[in-house]
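As structure tokens, the structure follows; a few thoughts come after it.
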């Protein structure tokens, strides 16, 4: 029997409209009830911009901590602009919000990374920050290519800032880029600090996130290739007719998978 790992429930698993209507705290409580160790707040699911104000973030973060959960703060902002420059404004805003919230991780999209990682600049902004930065492979060509992520971590090492931040490896998102997740897991595993767990069903524009099947050997092989100790986030939708049971089932399954 392998040791269980921390399972995070991503807010969107409960349905985007439900989170916008009821607020994150309700679904954080449902995550605790399901046995999760942590909860991922999604900035794009706030009902209005006032929810991202420092006082509101602090209050939400404290309430989630009081439930006995740690947290991830996710923003759809990208670390690099389309022309490959560091988006300093996006990074600093995300760090400020995640710090007010009290997150363990702050998650951004990669964006338009080209060849220069700006490692010294990023390391300077992160110095003293009580939150760990991770960038996620997205579904779009910009910020979702395997070559970009390999290039990013090569550039950080070349600039002398290897390990200054890490990666959220989204297993399902590689499907949107026609990359086998197992092919990505090998070269990127050393940099993975958080895993988004889902598969994809359908084709092209009609592709949707889904729960991995119990007998999905490819999904199991990807998990085996990635670090065992890093937290695993549930990012596929729960069945709206049995949300609580679904959440508890998948938390227990993923913790031991």
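In my numbering, the protein residues as written are 157 to 413.
Ideal Cβ positions, reconstructed from N, Cα and C, are used throughout, including at glycine.
Close-in-space but distant-in-sequence residues of the same chain around residue 367 (CB under 6 Å, 5 per side omitted): The residues are 392.
Nearest residue (CA-CA) to residue 171, options 163, 164, 180: When only C-alpha atoms are compared, the closest one is 180.
Beta-carbon proximity list for residue 402, same chain, < 6 Å, skipping 5 on both sides: So the list reads 394, 395, once near-sequence residues are dropped.
Cβ distance (whole Å) where residue 323 is taken to contact residue 352 below 8 Å: Not quite, the Cβ-Cβ distance comes to about 11 Å (not below 8 Å), so this is no contact.
Buried or exposed (CB count within 10 angstroms, at least 16 for buried), residue 360: Residue 360 is exposed by the Cβ-count criterion.
Euclidean distance between Cα positions of residue 319 and residue 272: Here the alpha carbons of residue 272 and residue 319 stand approximately 15 Å from one another.
Any non-hydrogen atom of the ligand ADP closer than 7 Å to residue 353 Cβ: Judged by which ligands are present, the structure shown has none, so any question about the ligand ADP falls away.
Check whether residue 267 and residue 299 have beta carbons under 8 Å apart: In contact: residue 267 and residue 299 (Cβ atoms closer than 8 Å).
Cβ pair residue 197, residue 235 closer than 8 Å: Their beta carbons are not under 8 Å apart, which means residue 197 does not touch residue 235 by this criterion.
Proximity winner among 185, 264, 405, relative to residue 231 (alpha-carbon distances): Taking only the C-alpha atoms, the option nearest residue 231 is 264.
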